[in-house]
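K.L.:
Under the working numbering, the first residue of the sequence shown is numbered -17, with each subsequent residue one higher.
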Amino acid sequence: MQTIAAVLNQANGPFEIETIAVAAPQRDEVRVAIKAVGICHTDLVIASGELGLQFPAVLGHEGAGIVDAVGPDVTSVKVGDKVLLTFNSCGDCRHCHDDHPAYCDSFFALNMTGTRGDGTTRLHRGADAAVSDNFFGQSSFAGLAIANVRNVLKLDDDADLVTLAPLGCGVQTGAGAVMRSLNGKAGDALVVIGGGAVGLSAVMGGAIIGCSPIIVIEPQASRRALALELGASHAIDPAAGDVVEAVRAIIPAGADMAVDTSGYLPIVAAAINMVGNLGRVGLIGVPGQLDAVLPVPIMQWLTIGGTVRGIVEGDSDIKNFLPELLAHHKAGRLPIEKLTKTYRLEDINQAIDDAHHGKCIKAVLLID
């Protein structure tokens, strides 16, 4: 079959709308007619080519759509079902067996290499010119995407695909960082660095479990205002002064948790001093330099019993946490629609530019 796709032909180049061929799904695969897909910062990190992506390529990993075809071994979804796509995992390693698929031993191979495990791709130009795909097990910047049965979640028939698409990565990452990765609980003091889609999802996750206070550090006034609307108790402008002093003025003993979604090393390093005894710092934001190093004051960290940990996908899993988030959204506790602005797939480059310049928080592409 053929479909339209936003194809990246060179590192950091513009996405170009092209018609490409899509293969039939293999035995454990699901072909999905994508209706909406969020743009995530990770798409742009991979688009740089620094992690080895081969061009041309189709990215996109927050897809939602309708099942178009299934492989012979697929029984969990059928043609016509509404589905949400998320990251892929092997299902066989010890981390997958322990319900930690975000730390699957084959995570990079299954989500980042641009091919199936056997080296083939699902997308082609013409008869045999391969296009790198399989990004996060989907490559959903396209009208049709092929996913694996392990990264496809069936939705209710009345599900709003445009609203729910960002759950598959950005929202589950931010909310899960607080609700799962850092084991947040009611009454924990939370600091969130960065008021983008992931940071604001962390705010909503903190509000859901009853964190107090919830402090957001964000330079844009409009995002600080939205953070307060979504459940933050305080919003700090980092340009107004020393951020550690500002946090400690609110929580003299220090926060229980700090979640960085910015990747801006000076403020990530400052987060070490924002937390108190047994404080946990979670790292989500990708730094501008991929080899950046975080300095940790060892004696201070030993004294307070602190923890610094990296976070992938908010420790989410498709069986438990994504359904939990869907229930929170349905109940009005996770209003992710307040983060999104929609664009046509053909306007993907404008959407990326708008996000870069702070004109939108979460761009969601619509596909006919």
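A virtual CB, placed ideally from N, CA and C, is assigned to each residue, including glycine.
Computed from a predicted model, the values in this text were never measured in an experiment.
Which residue wins for smallest C-alpha separation from V61, given the options E32, V294, V52, T324?
P.N.:
In the sequence shown, residue 61 corresponds to position 79, counting from 1. Considering only alpha carbons, the answer is V52.
K.L.:
Just to confirm, are V59 and D10 a CB contact at a threshold of 8 Å?
P.N.:
Within the sequence shown, the letter at position 77 stands for residue 59. Within the sequence shown, the letter at position 28 stands for residue 10. In this structure, D10 does not lie closer than 8 Å to V59 by Cβ.
K.L.:
Are F89 and L41 closer than 8 Å when you measure CB to CB?
P.N.:
Taking the sequence shown and counting its residues from 1, one reaches residue 89 at position 107. Taking the sequence shown and counting its residues from 1, one reaches residue 41 at position 59. Their beta carbons are not under 8 Å apart, which means F89 does not touch L41 by this criterion.
K.L.:
Is DSSP giving S163 helix, strand or coil here?
P.N.:
What you label residue 163 is simply residue 181 of the sequence shown in a count that begins at 1. Residue state, collapsed to three classes: helix.
K.L.:
Quick check: the Cα distance between A159 and D110, rounded to an integer number of angstroms?
P.N.:
Here residue 159 is taken as the residue at index 177 of the sequence shown, counted from 1. Here residue 110 is taken as the residue at index 128 of the sequence shown, counted from 1. Cα to Cα, A159 sits roughly 42 Å from D110.
K.L.:
If V27 and V268 are in contact, beta carbons under 8 Å, what's the gap, nearest whole angstrom?
P.N.:
The residue you call residue 27 lines up with position 45 of the sequence shown. The residue you call residue 268 lines up with position 286 of the sequence shown. Right, their Cβ atoms sit about 5 Å apart.
K.L.:
For V417, collect the residues of the same chain with a Cβ closer than 7 Å to its Cβ; drop the 5 residues on either side in sequence, then sort them by chain order.
P.N.:
Residue 417 is absent from the model: the chain starts at -17 and stops at 350.
K.L.:
Between L276 and chain E, is the shortest Cβ-Cβ distance under 8 Å, so that the two count as touching?
P.N.:
Note that chain E does not occur in the displayed structure, where there is just one protein chain.
K.L.:
Let me check understanding here. Comparing Cα to Cα, which of I249, V290, Q120 lies closest to E227?
P.N.:
In the sequence shown, counting from the first residue as 1, residue 227 sits at position 245. Closest option to E227, Cα to Cα, is I249.
K.L.:
Could you please give me the residues that DSSP links to L347 through a beta bridge?
P.N.:
For the purposes of this step, residue 347 is taken as residue 365 along the sequence shown, with counting starting at 1. Partner(s): V19, Y325.
K.L.:
Whole-angstrom Cβ separation of T(-15) and G125, contact assumed at under 8 Å?
P.N.:
Position 3 of the sequence shown holds residue -15. Position 143 of the sequence shown holds residue 125. T(-15) to G125, Cβ: 4 Å. Contact.
K.L.:
What residues in its chain sit with their C-beta under 8 Å from that of G169, if we drop five residues either side in the sequence?
P.N.:
The count along the sequence shown starts at 1 and reaches residue 169 at position 187. The residues are G192, C193, S194.
K.L.:
Three or more C-beta pairs under 8 Å: does that hold for the segment 277 to 287 against the segment 297 to 308?
P.N.:
No, they do not touch.
K.L.:
For T289 and G156, I'd like the C-alpha separation in whole angstroms.
P.N.:
The sequence position of residue 289 within the sequence shown is 307, counting from 1. The sequence position of residue 156 within the sequence shown is 174, counting from 1. Using only the alpha carbons, I get a separation of about 18 Å.
K.L.:
Give me, in chain order, the residues of the same chain whose beta-carbon lies closer than 6 Å to that of G177; leave out the 5 immediate sequence neighbours on both sides.
P.N.:
Working through the sequence shown from its first residue, we reach residue 177 at position 195. Closer than 6 Å at Cβ, skipping near neighbours: V198, E200, R205, A209.
K.L.:
With a 10 Å radius around its C-beta and 16 neighbouring C-beta atoms as the bar for buried, classify T24 as buried or exposed.
P.N.:
One-based indexing of the sequence shown puts residue 24 at position 42. By the neighbour-count rule (16 or more Cβ atoms within 10 Å), T24 is buried.
K.L.:
Grouping DSSP H, G and I as helix and E and B as strand, with all else coil, what is I330?
P.N.:
To locate residue 330, count along the sequence shown from 1; it is residue 348. Three-state DSSP puts I330 in a helix.
K.L.:
Let's see if you can read the secondary structure: which residues bound the alpha helix (DSSP H) around G303?
P.N.:
Position 321 of the sequence shown, counted from the first residue, corresponds to residue 303. In the sequence as presented, Gly is not what sits at residue 303; that position holds Phe. Where F303 is concerned, the enclosing alpha helix (DSSP H) stretches over 303 to 312.
K.L.:
Excluding the 5 residues preceding and the 5 following E211 in the sequence, name in chain order all residues of the same chain whose CB lies nearer than 8 Å to its CB.
P.N.:
By one-based count along the sequence shown, residue 211 stands at place 229. So the list reads K320, once near-sequence residues are dropped.
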